[in-house]
Structures are given as C-alpha cells and as structure tokens.
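> The numbering of the sequence shown is our numbering, which starts it at 115 and goes up by one. Think of the CB as a built atom: it goes at the ideal place given N, C-alpha and C, for glycine as much as any other residue. First the structure, which I've put down as structure tokens, then a few questions once you've had a look.
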Amino acid sequence: MSPIANLADADVLIIGAGIAGLTAARALEAAGFSVHVLDKGRGVGGRVATRRLENTFADHGAPCFRLDDPEVLSLWQEPLSRLAFLPAPLALDPRAYRCPEGAHRLPKVLASNLKIHLSVPVQSLTYQGNFWCAESPELRAKARALIVTAPLPQAAALFAPSDSDLAQRLEAHARTVCYRPQWTFFVDWKDGAPALPNGVFDFAEGALGLAIVQTNPLLWIVHASVAWTCEHLEEEAAFASQACHSALQKRYPEYHMRSVHAHRWRYARTEQPVADAFLAWSDRPQLLFAGDFCLASSVMGAARSGLAAARALIRQGFPT
C-alpha cells in the first residue's frame, strides 16, 4: 500500500474543480492566497463536460452558457481570450454561446496555472487546530479556510462522520433546492440524423419522455424526462441506452443508429437554488459552500457563487 502524501499547507482548500471551484480559485490566487483544489474526477469542469466519441464529441452537461456577468468576465478575461465562441442554437438560448472545440475547453482554460489535484476522492473533512483538513486514501491536505463546491448531498456525506449537525444543515438545504437527476444519451446516427425543427425536439414514447438537441448532422444529445430518470435512476447504463434506442427506432424506423451511449447525472440541476450567493455559518469559521445550488442552476450562476465565496474570504482575511 502506497504511503499517504501530504500537501503543503495552503491558505484555502477547495473541494471540487467545477466552474464554481475554478472561479473561486482564480479569484483567490489573484488576491495572493495560496490555494489547492481537489477533485475526485479525472478532469476539471464538473458538469461542463465533453464526451469523446468515435467520430466526434458531445457536450452533455452544459452544451451552452451565457457570458453576461461583468464581474465574472473581468476575472475570466485572460483565459477567455484563448477560446473561440459561437452563438448557441436559438431554440436552446438566444443569449448563450458554445465552444466549437467542446464545452470542456472553458474549464480547461480556467484551470490553467492553478494547483489542481485530480482523482482525489476526499472521504472526510474535519476542523482540527484552526485548520480545515481533507483526507483521501492517497492524500492529506489542510488549509486555514475551506470552500466546498460539491453537490450538497455529497458535501453532507463528507462532514457526517465528524460533524453530524453540519451534515444535517446541508441535507436540509439539499431538500430545499431540490436536485433533479438526468439520464443523458449520445445518439450517433449512421448515415445522418432525422431532420429536427430548429435543431431541437421533444416527444414521448410511452413513459419515456425525450428532449433532443442536434449538435451536428450525425449526433443527437437526448435527455430523458425527470420522471423516467427517477424511476430508472439505479438501472445499468445498458438498460437506459436500450430504452432510448428502442424509442428512437420506433419513431424513426427508416434511420439507423450507429451507437447509443448513456450517462447518469445524479445532480443534474436544482429547481429552487438558494437566493444567497453562498452558504456559511458563523459557528463554522472560514467554511463556505458555493455552486450552482446558489443563485442560479447554470454555468454563470456557479461562477457568480464561486466568485462571491472567494471575495468573502478575501474580505475576512485570516486571524493571526
């Protein structure tokens, strides 16, 4: 068994390398704070995700996003200068943009020059001797302040062993914001996809409701309805893929699919984001929670939340 590595102490520890975590990290680094970002995934971005397929790629978490917050855009100015943008399909959002190279390019440029540690499944978060401590099977880290950007149910689980009261507060907020899961499918058509009006289309096949977005002549991104997703959330991906394939084949029998891949988002979006820019409690010093469960369930909502949390820590400073 490999020894557990210890990161150098930092001013701020951030759990989650999604848009909220990356934005907070950039703001704190710009203010002179030392920051470590930990994420259980193999890449940055969270739900701003791109799946590589045989002949193309699919943006399946946030295929488009608005760039309409001046304070966020000011912080993002340098990394955004390295990206190209195109208008999103009007039927999706007439005020949004997309990255022609894939949505994942946005978090990738936001992550540049930050201290990010991937494939780190944090198992516990504790407060010890004026430091917030994170521990995973391979790594320990501690810092004087902590920002957690994981979905609230996951955040609650990290605190539950050492702070059941805090875990209960987070679980209560999770119930309030009402997370919705989503089965998402990548449908690769063999000789071209059926034509869709405006590039989007909704239909139902029995209990399976499908919302379709055409991203190129061969590829559809298909989202199952919330009701069907909740009923079949714990099924294997093969089951969900077959259900989607059967529904599409029945509706478009003259077309042929090369493949259908499924991805399960357990925390795809929140229905009632909290009005506050971040969550914090006076009896838990230097601890903040940020993400798209605050302000708005969107890329820019997550960014605004992360920036607000970072600015709160910058204003507070640290006790000597």
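1. Between the Cα of Ser148 and those of Leu260, Ala205, Glu348 and Asp316, spot the shortest distance and give me the residue it belongs to.
2. Let me know if Arg258 comes out buried or exposed under the rule of 16 or more other beta-carbons within 10 Å of its beta-carbon.
3. Is His370 buried or exposed, if buried means 16 or more other CB atoms sit within 10 Å of its CB?
4. Take Leu121 and list the residues in its own chain whose beta-carbon comes closer than 6 Å to its own, dropping the five residues that flank it on each side.
5. Which residue's Cα is closest to the Cα of Leu136: His174, Gly175 and Leu189?
6. Let's see if you can read the secondary structure: which residues bound the alpha helix (DSSP H) around Asp279?
7. Quick check: what's the CA-CA separation for Ser116 versus Pro251?
8. Would DSSP call Ser116 helix, strand or coil?
9. Would you mind stating whether Ala496 and Ala270 have Cβ atoms separated by less than 7 Å?
10. When burial is assigned at 16 or more other CB atoms within 10 Å of the CB, is Gln296 buried or exposed?
11. If you draw a straight line from the alpha carbon of Ser355 to that of Cys178, how long is it in whole angstroms?
12. Below 8 Å on the Cβ atoms is my guess for Ser419 versus Ala217; work out the distance and round it to an integer in Å.
13. In angstroms, rounded to a whole number, what distance separates the CA positions of Val314 and Tyr293?
14. Let me confirm a value: Asp397 is counted as buried when at least 16 other C-beta atoms fall within 10 Å, else exposed. Which label applies?
15. Please classify Gln191: does DSSP put it in a helix, a strand, or coil?
16. So is Leu161 buried or exposed if we call it buried at 16+ other beta carbons inside 10 Å?
17. Do Ala423 and Leu401 count as a contact pair if the criterion is CB distance below 7 Å?
18. I'd like the list of long-range same chain contacts for Val253, defined as Cβ closer than 8 Å, with 5 residues on each side in sequence excluded.
19. Report the three-state DSSP secondary structure of Leu421 (helix, strand or coil).
20. Does DSSP classify Pro201 as helix, strand or coil?
21. Look at Leu272 and Ala139 and say whether their C-beta atoms are less than 7 Å apart.
22. Could you name the residues of the same chain whose beta carbon sits closer than 8 Å to that of Arg383, not counting the 5 residues immediately before and after it, in chain order?
23. Determine the direct distance from the alpha carbon of Trp334 to that of Ser195, and round the result to whole angstroms.
24. To the nearest whole angstrom, what separates the beta carbons of Arg365 and Phe300, a pair I think is in contact under 8 Å?
25. Kindly identify the DSSP beta-bridge partner or partners of Val149.
26. Between which residues of its own chain and Thr164 is the CB-CB distance below 6 Å, once the five residues before and five after are set aside?
27. How is the beta strand (DSSP E) around Arg161 delimited, first residue to last?
28. Tell me the DSSP secondary structure of Lys256 in three-state form.
Taking the definition as stated:
1. Walking along the sequence shown from the start, residue 148 turns up at place 34. Looking at the Cα atoms, Leu260 is the closest of the given residues.
2. Position 144 of the sequence shown, counting from 1, holds the residue named residue 258. Buried is the label assigned to Arg258, since at least 16 other Cβ atoms lie within 10 Å of its Cβ.
3. Position 256 of the sequence shown, counted from the start, is the residue given in the question as residue 370. By the neighbour-count rule (16 or more Cβ atoms within 10 Å), His370 is not buried but exposed.
4. The count along the sequence shown starts at 1 and reaches residue 121 at position 7. So the qualifying residues of the chain are His150 and Ala255.
5. Reading the sequence shown from its first residue, position 22 is the one you call residue 136. The candidate whose alpha carbon is nearest that of Leu136 is Leu189.
6. Here the question's residue 279 lines up with position 165 in the sequence shown. Element bounds for Asp279: Ser278 to Val291.
7. The residue given as residue 116 occupies position 2 in the sequence shown. The residue given as residue 251 occupies position 137 in the sequence shown. Because Ser116 sits at a pLDDT of 45, beneath the cut-off of 50, its placement in the model cannot be relied upon, and the point is left open.
8. Here the question's residue 116 lines up with position 2 in the sequence shown. Low local confidence applies: a pLDDT of 45 at Ser116 is under 50, so the model's placement there is unreliable, with the coordinate-based value given in what follows. Note: Ser116 maps to coil in three-state DSSP.
9. Shown here, the chain extends from 115 to 434; a query on residue 496 therefore has no answer.
10. The sequence position of residue 296 within the sequence shown is 182, counting from 1. With 16 or more other Cβ atoms within 10 Å, it is buried.
11. The sequence position of residue 355 within the sequence shown is 241, counting from 1. The sequence position of residue 178 within the sequence shown is 64, counting from 1. Taking the straight line joining both Cα atoms gives about 24 Å.
12. Stepping through the sequence shown from its first residue, residue 419 is reached at position 305. Stepping through the sequence shown from its first residue, residue 217 is reached at position 103. Not quite, the Cβ-Cβ distance comes to about 19 Å (not below 8 Å), so this is no contact.
13. Taking the sequence shown and counting its residues from 1, one reaches residue 314 at position 200. Taking the sequence shown and counting its residues from 1, one reaches residue 293 at position 179. If I take the Cα positions, the gap works out to 24 Å.
14. As a position in the sequence shown, residue 397 is number 283, starting the count at 1. Residue environment for Asp397: exposed (fewer than 16 other C-beta atoms within 10 angstroms of its C-beta).
15. Here the question's residue 191 lines up with position 77 in the sequence shown. Three-state result, Gln191: helix.
16. As a working mapping, residue 161 is identified with position 47 in the sequence shown. Checking the displayed sequence, the identity of residue 161 turns out to be Arg instead of Leu. Buried, since its Cβ has 16 or more Cβ neighbours within 10 Å.
17. Stepping through the sequence shown from its first residue, residue 401 is reached at position 287. Stepping through the sequence shown from its first residue, residue 423 is reached at position 309. Cβ atoms of Leu401 and Ala423: not closer than 7 Å.
18. The sequence position of residue 253 within the sequence shown is 139, counting from 1. The sequence given here has Leu at residue 253, not Val. Cβ within range, chain order: Ile118, Ala119, Asn120, Leu121, Leu152, His231 and Val234.
19. What you label residue 421 is simply residue 307 of the sequence shown in a count that begins at 1. DSSP places Leu421 in helix when its eight states are reduced to three.
20. As a working note, residue 201 is residue 87 in the sequence shown. Strand, per DSSP.
21. Here residue 272 refers to the residue found at position 158 of the sequence shown. Here residue 139 refers to the residue found at position 25 of the sequence shown. It is not a contact, given that the beta carbons lie outside the stated cut-off.
22. Start at 1 with the first residue of the sequence shown, and residue 383 comes out as number 269. Closer than 8 Å at the Cβ level, and outside the excluded window around Arg383, lie Tyr293, Arg294, Gln296, Asp406 and Ser411.
23. What you label residue 195 is simply residue 81 of the sequence shown in a count that begins at 1. What you label residue 334 is simply residue 220 of the sequence shown in a count that begins at 1. In a straight line, the C-alpha of Ser195 is about 29 Å away from that of Trp334.
24. Translated into positions along the sequence shown, residue 365 becomes position 251. Translated into positions along the sequence shown, residue 300 becomes position 186. The pair is not a contact, with the Cβ atoms about 18 Å apart (cut-off 8 Å).
25. For the purposes of this step, residue 149 is taken as residue 35 along the sequence shown, with counting starting at 1. For Val149, which the question treats as bridged, DSSP gives the partners Val126.
26. The count along the sequence shown starts at 1 and reaches residue 164 at position 50. Closer than 6 Å at Cβ, skipping near neighbours: Phe171, Asp173, Gly216, Ala217 and His218.
27. Taking the sequence shown and counting its residues from 1, one reaches residue 161 at position 47. Neither: Arg161 is in no beta strand (DSSP E) and is coded neither H nor E.
28. Your numbering for residue 256 matches position 142 in the sequence shown. DSSP places Lys256 in strand when its eight states are reduced to three.
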